[in-house]
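Undergrad: Protein chains in written order, with our numbering: chain U, -19 to 297; chain D, -19 to 297; chain G, -19 to 297; chain B, -19 to 297.
One structure coming up, written as structure tokens, with questions to follow.
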């Protein structure tokens, strides 16, 4: 099913599981995909910034996309196709859609500065991938160093009918969500799904500002699913209670550079993937770092009241 | 008392209180200084990045420094003297020390890139302020976009006997503390006080990695004092329990751009300063933002078990 | 006489002459000012990026401004007031206008990225310096890393009646001049003086695209005066012949970092200032660099057909 | 023949010729390759920054490399393999060497800041492409925003026996060449070929500082060949005379963003390639820009005393 502006809920940003020797770990792709589906994710985003995509051969990337799509059944799969060149972007986008992806995600190249440069870039990208592919606009200034104002985002969306979703991870970004929703109220922006990233660090309030869900790779997507649901049901305190219990780990995982190592370490501990290995060159957790994560996990187990999560974690570790 | 490498504990980064019409609010400088002293801060840092220093006339800046120093009695006062030009840096450093400051703080200018450029810059700065002024090296890549490796920091410290303290706010930075402490163990780095910033977002583990305390402006410096103390006493779980209760607000205050508005809003609510006004041009909290902070404060009041804080907050609000 | 949109011709960017021991060289300020006036400059810009302004004490800066203004008589003096803080900007702007300056020049702070951030910054700056001071908008992306599109420049100019001149040094920038002049033709931009910088590296064509003159610090402002004049008279080949003769040196002086050292070295050789000293910390020319400049000067002397320049140079060297 | 530290002379940076409809123009690849060989180039660099490499499909890139290598016979062909990901870098490097390339060229990724980050990156790159492939280190801060000091370059070279050449295009960079040659004299750096880029803007003095030749894409590589030769023969004035005649055009072509459009326009005018088309998205010359280049070419034809060039240009236009 193609991505639309009504796509919502929790989209897990999937890491790429590797064996310790650097080969892609297909069995872990399957178990990870199963896990995302079972805990209630609505979709999966593959080959994003956290997917170690630049270390994959072109064919490997397509194989992974295909495998996840087949395994995920009714989940919507989004494929990151950001690339320094439009040729590579087009190839991957076509291959992804051929394999059954729901849409693609495009980030701006880091050199863009002025509003005109940004809108021109996306106009060219849309020309390249064609008007029929639904796509997600990624707004991630902290890592990409491209700053898009709400007005620029509105212009991009209005110019491209295929742009149906915003991956929002500006920081700070709460007012940005409010401004965009305001644009929709005053009729100057058409309907747009907004899923939020930033490792979920502000998910509690982002939902209250009008986000449609989360798209991030935090190692407990099951918590994301619940926070999104509780928030939509208006159970504010419960949403915050659950969120706050996870915040110490969310914050720890949010460290740039080492974040992926934390994430894979926790996912391996939980039994979602077999190994926390990254393909070279990768970052890794020091012994002190691992001990800190273990301590955070032990504290989390005490504070998280939901039995299923406690059990799952106990089983997996 | 001059700053030394043994200076430790909690140094509050002080905002500059203004009246709503933009004048410096001297009475609030006094009440804020008293508050810092009463809750157990060991020092105060004025005219830092969060002190709206660039909006102050030269004479205003010196007047504020002088007022805080006189009022703070035995606390150590550090004065931020970072400036685009060495002439302004020297003038302010001399004036600050004349007024009785314990030391000055120097950040690198944003254009520095290579290791050599960075070490040369600090060599020149030390030449300008002279060898007798104790100074704090500020390492804040997220805002200053200058990246100093542990080796570069070691070189700066070894070359300048006056450099007695590191304001550590690299992010992620836990391994950096461990590496610097390792340098001291292997004898390649002389004793150095390390206080950590980043709005306290990682204070819990920074203390465990070897930090000597906190130097940041979080609106509950009384919590910082306690976490630093608990951590030094080895009461790990208690330190984390207290820290975790504050983390939702710490995280909220850490938002770049709007952070100072949050901080002043909370400090005004607590009665530490009279108004949350910023001198123009300043940022401000939207109505939605204020409501979010209020909600976080109400949740914090429930979770923070220490009666004194609860009372203090209740009294102030 | 105040700066207006009709101000045109050649404005020399003046270096600040120092004695070898670092003191301001007042006699050289006088001889340099006399020189600029005698060769036909229409104005002088002081305390610009090449004026070592950040190394000057506040009082020194005002003394220099005052001295140049008195000495220059009927020339229009522009004072660079760019500063990281609005307080310092306002103080210097008021002091400059009190001393008789024709206007001030304001550059954006390096952190600005989006169109909105840029226009907001200048709106605030104008609020600070007031509506009555004529000012020059400096557009210098290579050094300031702020990119202003023609549309953004138009918006700034239209919003501030005091903005009467653009110091154009975008690179490449020929099309930018054409676009801005096009805006004027279609009525969307009011009259605006455009003087070009970039060390004159493109002055030949910038004049043909519609520039009103040059504002740069090339060590032969007498050549700038002539190229501007020849170009305005439609004597294209002559303008290019003269320009091309100087291009090897223009290009050499345009090297970032070492450019000021080249400029002061040549000006000292020509007898315009007494010494090529920079106040610490400064750059300097290596022996090889000096020999290269000497070689370029000897070649220039052969190629420049105008007897007056040849004589002047012969006298000075 | 593999690249060694003795490789020297003029290496043309080749653009990728396209038909106006965007297809690769193979016939022009042949004529361009023939031209480079006939005018005396020692090598050709393909898929560099100016080769529109990111717009090429992977197979297209390999086809172009193969075609140039076969056609160029005894010239050394260097293939740019810089890529955001090591997987793509390795694939292209292997394919290039299999096709008979003399070596590959690697630029740092733009995010690198500290000396350690830079040296680590190249250590990983060498691990990926293997120790047997000779490679060129590209030092281009203006475009790549990575600043490598001479000490960092020395460390990279000393750690990797495969690094036999530096493409020097730091700006300013004359002292850098002198420093590196000084390292060789004091024995701390092994022999290294240094070819200079920057569109040849400083080629005259770079040769005198110790460069082994030019590696750049200026539209008159025949001039580069002659300047390099004259300079090596010690015919200084002749080298500068020839260089200065071209400097107005060199300077014009050096404009970032529009430079490739100028280069292709001139090469098409000279008959070296059939069309100045760029694959989308590309830049193009305005009518005013074309007229300016035409004017510069007409002036160049008058000033360049060498009959062969005059004839060649006359024939081609």
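All C-beta atoms, glycine included, are put in the ideal place defined by N, C-alpha and C.
These figures come from a predicted structure and were not determined experimentally.
#1: Using a beta-carbon distance below 8 Å, is residue 93 of chain U in contact with chain G?
#2: When the cut-off is 8 Å and only beta carbons count, does residue 118 of chain U lie next to chain B?
#3: Please classify residue 111 of chain D as buried or exposed, where buried requires at least 16 other C-beta atoms within 10 Å of its C-beta.
#4: Buried or exposed, going by whether 16 or more other CB atoms sit within 10 Å of the CB of residue 1 of chain U?
#5: Which of the three DSSP states is assigned to residue 169 of chain G in this structure?
#6: Tell me whether residue 138 of chain D sits in a helix, a strand or coil according to DSSP, three-state version.
#7: For residue 35 of chain B, count neighbouring C-beta atoms within 10 Å of its own C-beta (all shown protein chains included) and say buried if the count is 16 or more, exposed if not.
#8: Note down the Cα distance separating residue 28 of chain G from residue 33 of chain D, rounded to an integer number of angstroms.
#9: Comparing alpha-carbon positions, which option in G:99, G:-4, G:222, G:241 lies nearest residue 180 of chain G?
#10: In this structure, does DSSP put residue 83 of chain G in helix, strand or coil?
#11: Scan the region 62 to 78 of chain U for residues whose Cβ lies nearer than 8 Å to a Cβ of chain B and list them as they occur along the chain.
#12: Please list, in chain order, all residues of the same chain as residue 77 of chain U whose beta carbon is under 7 Å from its beta carbon, the five residues on each side excluded.
#13: What three-state label does DSSP hand residue 253 of chain G in the structure shown?
#14: According to DSSP, simplified to helix, strand and coil, what is residue 97 of chain G?
#15: When the Cα atoms are used, what is the spatial distance from residue 246 of chain D to residue 276 of chain D?
#16: Are the C-beta of residue 261 of chain G and some C-beta of chain D separated by less than 8 Å?
#17: Taking the alpha-carbon positions, what's the residue 169 of chain B to residue 261 of chain G distance?
#18: So, using beta-carbon positions, are residue 204 of chain G and residue 25 of chain G closer together than 8 Å?
#19: For residue 229 of chain G, which of G:269, G:70, G:213 has the nearest alpha-carbon?
#20: Contact check, residue 117 of chain D vs residue 86 of chain D under 8 Å by CB: the rounded distance?
#21: Using DSSP with H/G/I as helix, E/B as strand and the rest coil, what is residue 119 of chain G?
#22: Roughly how many angstroms separate the alpha carbons of residue 333 of chain G and residue 259 of chain B, rounded to a whole number?
#23: Have a look at residue 157 of chain G and residue 220 of chain G and give me their C-alpha separation to the nearest angstrom.
#24: Quick one: using the 10 Å Cβ neighbour count with 16 as the cut-off for buried, is residue 138 of chain D buried or exposed?
#25: Identify which residue in G:42, G:200, G:66 has its Cα closest to the Cα of residue 59 of chain G.
#26: With respect to the alpha helix (DSSP H) encompassing residue 145 of chain D, which residues constitute its N-terminal and C-terminal limits?
#27: Can you tell me which of the three DSSP states residue 230 of chain G falls into?
#28: Which two residues bound the contiguous beta strand (DSSP E) that contains residue 56 of chain D?
#29: Please report the distance separating the alpha-carbon of residue 143 of chain U from that of residue 210 of chain U.
#30: Go to residue 195 of chain B, then tell me how far its beta strand (DSSP E) extends in each direction, as first and last residue.
#31: Go ahead and pull the three-state DSSP assignment for residue -2 of chain U.
#32: Is the shortest distance between the beta-carbon of residue 104 of chain G and the beta-carbons of chain D less than 8 Å?
#33: From residue 296 of chain U to residue 253 of chain U, what distance separates their C-alpha atoms?
#34: Based on Cα-Cα distance, which residue from D:132, D:278, D:178 lies nearest to residue 163 of chain D?
#35: Using only CA atoms, which one of D:202, D:186, D:215 lies nearest to residue 284 of chain D?
#36: Identify which residue in G:5, G:67, G:55 has its Cα closest to the Cα of residue 83 of chain G.
TA: The relevant details are as follows:
#1: Here residue 93 of chain U is taken as the residue at index 113 of the first chain, counted from 1. Yes, its Cβ sits closer than 8 Å to a Cβ of chain G.
#2: Counting from 1 along the first chain, the entry for residue 118 of chain U is found at position 138. By this cut-off, residue 118 of chain U is not an interface position.
#3: Position 131 of the second chain holds residue 111 of chain D. The residue is exposed, with fewer than 16 neighbouring Cβ atoms inside 10 Å.
#4: The residue you call residue 1 of chain U lines up with position 21 of the first chain. So residue 1 of chain U ends up on the exposed side.
#5: The residue labelled residue 169 of chain G in the question sits at position 189 within the third chain. Reduced to three states, the DSSP call for residue 169 of chain G is coil.
#6: Sequence index remark: in the second chain, residue 138 of chain D carries index 158 (1-based). Residue 138 of chain D falls in the helix class under three-state DSSP.
#7: Against the fourth chain, residue 35 of chain B aligns to sequence position 55. Answer is buried; the Cβ neighbour count reaches 16.
#8: Mapped onto the third chain, residue 28 of chain G falls at position 48. Mapped onto the second chain, residue 33 of chain D falls at position 53. The alpha-carbon atoms of residue 28 of chain G and residue 33 of chain D are separated by roughly 23 Å.
#9: For the purposes of this step, residue 180 of chain G is taken as the residue at position 200 of the third chain. For the residues G:99, G:-4, G:222, G:241, the minimum Cα distance to residue 180 of chain G belongs to G:222.
#10: Taking the third chain and counting its residues from 1, the one referred to as residue 83 of chain G is at position 103. Note: residue 83 of chain G maps to strand in three-state DSSP.
#11: Within the region 62 to 78 of chain U, the residues whose Cβ lies closer than 8 Å to some Cβ of chain B are 63, 64, 65, 66, 67, 68, 71, listed in chain order.
#12: Start at 1 with the first residue of the first chain, and residue 77 of chain U comes out as number 97. So the qualifying residues of the chain are 113.
#13: Start at 1 with the first residue of the third chain, and residue 253 of chain G comes out as number 273. In this structure, residue 253 of chain G counts as coil in the three-state DSSP scheme.
#14: In the third chain, residue 97 of chain G corresponds to position 117, counting from 1. Reduced to three states, the DSSP call for residue 97 of chain G is helix.
#15: To locate residue 246 of chain D, count along the second chain from 1; it is residue 266. To locate residue 276 of chain D, count along the second chain from 1; it is residue 296. Between residue 246 of chain D and residue 276 of chain D, the C-alpha separation is close to 11 Å.
#16: One-based indexing of the third chain puts residue 261 of chain G at position 281. At least one C-beta of chain D is nearer than 8 Å to the C-beta of residue 261 of chain G.
#17: Taking the fourth chain and counting its residues from 1, one reaches residue 169 of chain B at position 189. Taking the third chain and counting its residues from 1, one reaches residue 261 of chain G at position 281. Straight-line Cα distance between these residues: approximately 30 Å.
#18: The count along the third chain starts at 1 and reaches residue 204 of chain G at position 224. The count along the third chain starts at 1 and reaches residue 25 of chain G at position 45. No; because the gap between Cβ atoms is not below 8 Å, this pair is not in contact.
#19: Numbered from its first residue, the third chain carries residue 229 of chain G at position 249. If you compare the alpha carbons of G:269, G:70, G:213 with that of residue 229 of chain G, the shortest gap goes to G:269.
#20: Taking the first residue of the second chain as 1, we reach residue 117 of chain D at position 137. Taking the first residue of the second chain as 1, we reach residue 86 of chain D at position 106. Indeed, because the Cβ distance is near 7 Å, the residues count as touching under 8 Å.
#21: Sequence index remark: in the third chain, residue 119 of chain G carries index 139 (1-based). Of the three classes helix, strand and coil, the one that applies to residue 119 of chain G here is strand, per DSSP.
#22: Because chain G here runs from -19 to 297, residue 333 of chain G falls outside it and cannot be looked at.
#23: By one-based count along the third chain, residue 157 of chain G stands at place 177. By one-based count along the third chain, residue 220 of chain G stands at place 240. So the two alpha carbons sit approximately 19 Å from each other.
#24: For the purposes of this step, residue 138 of chain D is identified with residue 158 of the second chain, where counting begins at 1. The residue is exposed, with fewer than 16 neighbouring Cβ atoms inside 10 Å.
#25: Taking the third chain and counting its residues from 1, one reaches residue 59 of chain G at position 79. The candidate whose alpha carbon is nearest that of residue 59 of chain G is G:42.
#26: The residue labelled residue 145 of chain D in the question sits at position 165 within the second chain. No alpha helix (DSSP H) holds residue 145 of chain D; the beta strand (DSSP E) holding it covers 143 to 148.
#27: Working through the third chain from its first residue, we reach residue 230 of chain G at position 250. Note: residue 230 of chain G maps to helix in three-state DSSP.
#28: Within the second chain, residue 56 of chain D is the residue found at index 76, counting from 1. First-last of the beta strand (DSSP E) with residue 56 of chain D: 56 to 60.
#29: For the purposes of this step, residue 143 of chain U is identified with residue 163 of the first chain, where counting begins at 1. For the purposes of this step, residue 210 of chain U is identified with residue 230 of the first chain, where counting begins at 1. In a straight line, the C-alpha of residue 143 of chain U is about 28 Å away from that of residue 210 of chain U.
#30: For this step, residue 195 of chain B is matched to residue 215 along the fourth chain. Taken as a continuous stretch (DSSP letters only), the beta strand (DSSP E) holding residue 195 of chain B covers 193 to 196.
#31: Here residue -2 of chain U refers to the residue found at position 18 of the first chain. Here residue -2 of chain U sits in strand by DSSP.
#32: Position 124 of the third chain holds residue 104 of chain G. Closer than 8 Å to some Cβ of chain D, the Cβ of residue 104 of chain G qualifies, so yes.
#33: Walking along the first chain from the start, residue 296 of chain U turns up at place 316. Walking along the first chain from the start, residue 253 of chain U turns up at place 273. Confidence at residue 296 of chain U is low in this model, with a pLDDT of 39, below 50, so the placement of that residue should be treated as unreliable; the coordinate-derived value is given next. Residue 296 of chain U and residue 253 of chain U have their C-alpha atoms spaced approximately 10 Å apart.
#34: In the second chain, residue 163 of chain D corresponds to position 183, counting from 1. Answer by Cα proximity: D:132.
#35: Within the second chain, residue 284 of chain D is the residue found at index 304, counting from 1. Nearest C-alpha to residue 284 of chain D: D:202.
#36: Residue mapping note: residue 83 of chain G aligns to position 103 of the third chain, counting from 1. Ranking the options by Cα distance to residue 83 of chain G, first place goes to G:55.
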